[in-house]
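Numbering (the working numbering), first residue to last: 1 to 182. Built from N, CA and C at the ideal position, the CB exists for glycine as well. First up is the structure itself, then whatever we jot down about it.
Following this line, the structure appears as structure tokens:
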């Protein structure tokens, strides 16, 4: 009887029944008291980014994640397309059995993949900008007026590298200095 009780205690101990979870990810936006131009039906608070730097970091993260997923899908599509374009014609089997030239097919697939991926990469960048622009354009940034936020969105969509930051002087303003991570 004592033996079965100890098994029961071991099976239901705190260590064996506790589930550990990953630490929560910090919120990107926090509640800010709503102002006069805000919709009163949405309540006394609205969600806003803490500062332009967190907004820019979130924008870049969103854009890069969409580009990453788009390019992964494009790689699969390009591989299928390249394989389809480089396969021998259907009528070749009717002529007679001939050993396929695998080296030539491999080179053909490499050329097709390269061309397809370069075209897809440009389209993925445009797609990511299009998908991120509206939500981030409409997002609130604590301490910024609407006109300042609109300018920030405009510059964030234009610049792709840190050279743009120094070229237009935003690095001196401190808005986006380390936002790009380059």
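Here residue 115 carries a helix assignment [DSSP, helix/strand/coil]. Assignment of beta-bridge partners to residue 47 by DSSP yields 31. Shown here for residue 116: same chain residues with a beta carbon closer than 7 Å to its own, the five before and five after excluded, namely 78, 81, 82 in chain order.
Taken through DSSP and simplified to helix, strand or coil, residue 141 comes out as strand. In the displayed model, residue 54 falls within a helix according to three-state DSSP. Residue 62 is positioned such that its CB atom lies no closer than 8 Å to that of residue 124.
Distance check between residue 70 and each of 18, 14, 121, 142 places 121 closest, using alpha-carbon atoms only. In this structure, residue 142 sits away from residue 53, with a CB-CB distance that is not shorter than 8 Å. Sorting 58, 66, 135, 48 by C-alpha distance to the C-alpha of residue 31 places 48 at the top. Contact annotation: residue 127 and residue 76 have beta-carbon atoms that are not nearer than 8 Å.
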